[in-house]
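Counting from 1, one number per residue, gives the positions in the sequence shown under the working numbering.
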Amino acid sequence: MIVQKKYQFWFCTGSQDLYGDECLSKVAQHSRQIVDELNQSGELPYEIVWKPTLITNELIRRTFNEANADENCAGVITWMHTFSPAKSWILGLQEFRKPLMHLHTQFNEEIPYDSIDMDFMNENQSAHGDREYGHIVSRMRIERKVVAGHWSDPIVIGKIASWMRTAVGIMESSHIRVMRVADNMRNVAVTEGDKVEAQIKFGWEVDAYPINEIAESVAAVSESDTNALVDEYYDRYEILLEGRDPEEFKRHVAVQAQIELGFERFLVEKNYHAIVTHFGDLGALKQLPGLAIQRLMEKGYGFGAEGDWKVAAMVRLMKIMTAGMKDAKGTSMLEDYTYNLVKGKEGILQAHMLEICPTIADGPISIKCQPLSMGDREDPARLVFTSKEGHGIATSLIDLGNRFRLIINDVECKKNEKAMPKLPVATNFWTPEPDMYTGAEAWILAGGAHHTAFTYDLTAEQMGDWANAMGIEAVYIDKDTKIRDFKKDLMLGEIFYR
């Protein structure tokens with residue numbers, strides 16, 4: 001379902017005409033070389049496009065507005081090779097509407113001690129020109145990413161690549177459409193939120209549909225299409241009958257196959273990218289969607305349980321940001337379920353009733369069919385697995401009534417200490433940074449929800465940059481978190497973002 005759009009990023013070099021044509025020729029040559037070598041590095045997820053040197057108010061303004069109008073342009077990287085008077089940038093920056101990076105670099109890595117003269121100094125003034133440019137961007141209160149260092153440094157290239165994914169997330173956020181099937185779970189606070197404000201802030205469209213309208217789409221799926229998908233399930237996953245009659249088990253699996261096909265066709269027809277369901281309103285559906293939702297998430301759809309549209313949109317956003325990433329480890333909705341508080345073995349068992357994305361699985365993935373007390377329907381089939389080890393981030397976007405806050409917690413995912421043969425759901429087990437108790441206390445102080453949008457493949461910095469671009473508060477819980485300082489940060493956020 002995720003189609004990685006061929007976004008591009010424009011590389012705009014600033015200068016002026018005081019230094020003569022020979023200097024400007026070298027500026028253009030140098031910036032072209034930087035662009036070519038960055039593209040050839042193999043580390044960037046998207047192409048950089050070189051643009052002619054910007055030396056006048058009119059050219060800057062025209063270039064930025066052309067970037068606004070180009071649907072393939074996901075952002076602009078700016079660099080001042082020489083001194084570039086910053087008032088020339090004001091109108092262009094005022095009218096620019098896409099992600100902006102300021103690459104603070106210079107063409108040469110080392111000062112040419114033996115040959116340096118004033119011609120060289122005039123030509124290579126990034127230390128001078130970038131400060132002039134940086135000043136006006138700060139004065140205009142424009143959100144941007146600043147990356148400092150030599151353009152050939154792998155660390156710098158990595159930062160550019162990382163920001164590109166954030167920029168694409170910023171661009172794609174305005175295209176996310178969430179389909180709500182039924183409503184939120186009754187009396188639950190964290191799954192609620194201001195959908196109008198979310199559309200203003202993030203561009204998300206969140207629409208509701210009666211459950212039986214989508215159930216009709218499920219019922220319209222042919223038996224042959226359903227059976228073909230069941231065959232795919234049986235080829236791909238381990239089948240754990242656990243004493244159930246094989247034919248009866250297969251009939252339950254077929255219900256999920258029919259739901260997957262019906263839901264996906266409805267989502268495609270209506271152009272939605274994320275979905276929420278609620279076990280309290282299943283209408284004509286025979287089962288709570290389990291395996292079906294897991295498969296849809298694997299294809300790139302966002303999902304939130306019990307009507308949690310904020311998590312559904314965030315999962316979709318993360319899947320867009322990680323699209324095409326080499327060796328990606330996965331992204332999913334998760335839920336804090338229960339603790340292990342044994343000293344030295346602390347952690348939180350993450351799971352849900354059914355709907356965890358198999359992209360985060362490690363090892364075999366099995367199909368089980370087990371009773372479910374919630375939903376008052378027949379036993380739903382679901383994919384069961386344990387998750388990968390490694391570092392990840394758990395995020396919670398919350399509505400504080402007058403504003404949104406994004407909480408970002410670095411976590412360390414671990415293998416379960418022991419098998420859990422009686423637990424028929426997919427699981428992840430992690431310890432939050434900086435430790436179990438500080439992490440949990442900080443999460444609760446910040447108002448974090450029990451549902452999270454989790455990924456192994458993005459960083460706290462990337463999601464924080466997205467939050468900054470959206471104009472909302474980002475709260476970090478990581479190895480440096482201390483509760484006394486954390487409380488002060490929350491108080492400052494209340495003042496700054498109110």
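Ideal placement from N, C-alpha and C gives every residue a C-beta, glycine not left out.
Practice task
List the DSSP bridge partners of Phe404.
Solution key: Asp399
Handout entry: Beta carbon of Lys201 nearer than 8 Å to that of Ile472
Key = The answer is yes: Cβ separation under 8 Å.
Practice task
Report yes or no: do three or more beta-carbon pairs, one from the stretch 422 to 440 and one from the stretch 397 to 407, lie closer than 8 Å?
Solution key: no
Exercise for the section: Count the other CB atoms, across all protein chains shown, that sit within 10 Å of the CB of Glu298; report buried if there are 16 or more and exposed otherwise. Expected result: buried
Exercise for the section: Would you mind working out which of Gly344, Met353, Asp336 sits nearest Phe454, comparing C-alpha positions? Expected result: Asp336
Problem - Span of the alpha helix (DSSP H) around Pro364 - result: Taken as a continuous stretch (DSSP letters only), Pro364 belongs to no alpha helix (DSSP H), being part of the beta strand (DSSP E) at 361 to 369.
Exercise for the section: Tell me, to the nearest whole angstrom, how far the beta carbon of Glu355 is from that of Met333; I am working on the premise that it is less than 8 Å. Expected result: By a beta-carbon distance limit of 8 Å, Glu355 contacts Met333. Their separation comes to about 7 Å.
Handout entry: C-beta atoms of Thr331 and Asp457 nearer than 8 Å
Key = yes
Practice task
Have a look at Trp151 and Tyr209 and give me their C-alpha separation to the nearest angstrom.
Solution key: 50 Å
Exercise for the section: State the Cα-Cα distance for the pair Met140 and Trp204, rounded to the nearest angstrom. Expected result: In this model, Met140 and Trp204 are separated by some 27 Å (Cα to Cα).
Practice task
Below 8 Å on the Cβ atoms is my guess for Met321 versus Arg131; work out the distance and round it to an integer in Å.
Solution key: That belief does not hold up - the Cβ atoms of Met321 and Arg131 are roughly 31 Å apart, past 8 Å.
Problem - Start-end ranges of the beta strand (DSSP E) lying completely within the stretch 108 to 149, minimum 3 residues - result: If we require 3 residues or more, the beta strand (DSSP E) runs fully inside the stretch 108 to 149 come out as 145 to 148.
Practice task
Can you grab the Cα-Cα spacing for the pair Leu445 / Asp478, in whole Å?
Solution key: About 14 Å.
Problem - Beta-bridge pairing of Glu238 - partner residues as DSSP gives them - result: Ser366
Handout entry: Alpha-carbon to alpha-carbon, Pro380 and Val253
Key = The straight-line gap from Cα to Cα measures roughly 8 Å.
Practice task
Inspect the beta-carbon positions of Val384 and Ala426 and report whether they are closer than 8 Å.
Solution key: yes
Problem - Among Thr53, Val156, Gly363, Thr105, nearest to Asn428 - alpha-carbon criterion - result: Gly363
Handout entry: Simplified DSSP assignment, three categories, for Gln258
Key = helix
Problem - CB contact flag (Ile501, Glu43, <8 Å) - result: Summary: the structure shown does not reach residue 501, with the chain confined to residues 1 through 498, and so no result is reported for it.
Handout entry: Same chain, Cβ closer than 7 Å to Asp308, five either side skipped, listed in chain order
Key = Result list for Asp308: Thr191, Val276, His451, in chain order.
Practice task
Classify Gly92 as helix, strand or coil using the three-state DSSP reduction.
Solution key: helix
Exercise for the section: Determine the extent of the alpha helix (DSSP H) in which Asn468 is found, giving its start and end residues. Expected result: Run containing Asn468: 460 to 470, per the alpha helix (DSSP H) assignment.
Practice task
Provide the residue span of the alpha helix (DSSP H) that contains Pro154, from first to last.
Solution key: 154 to 173
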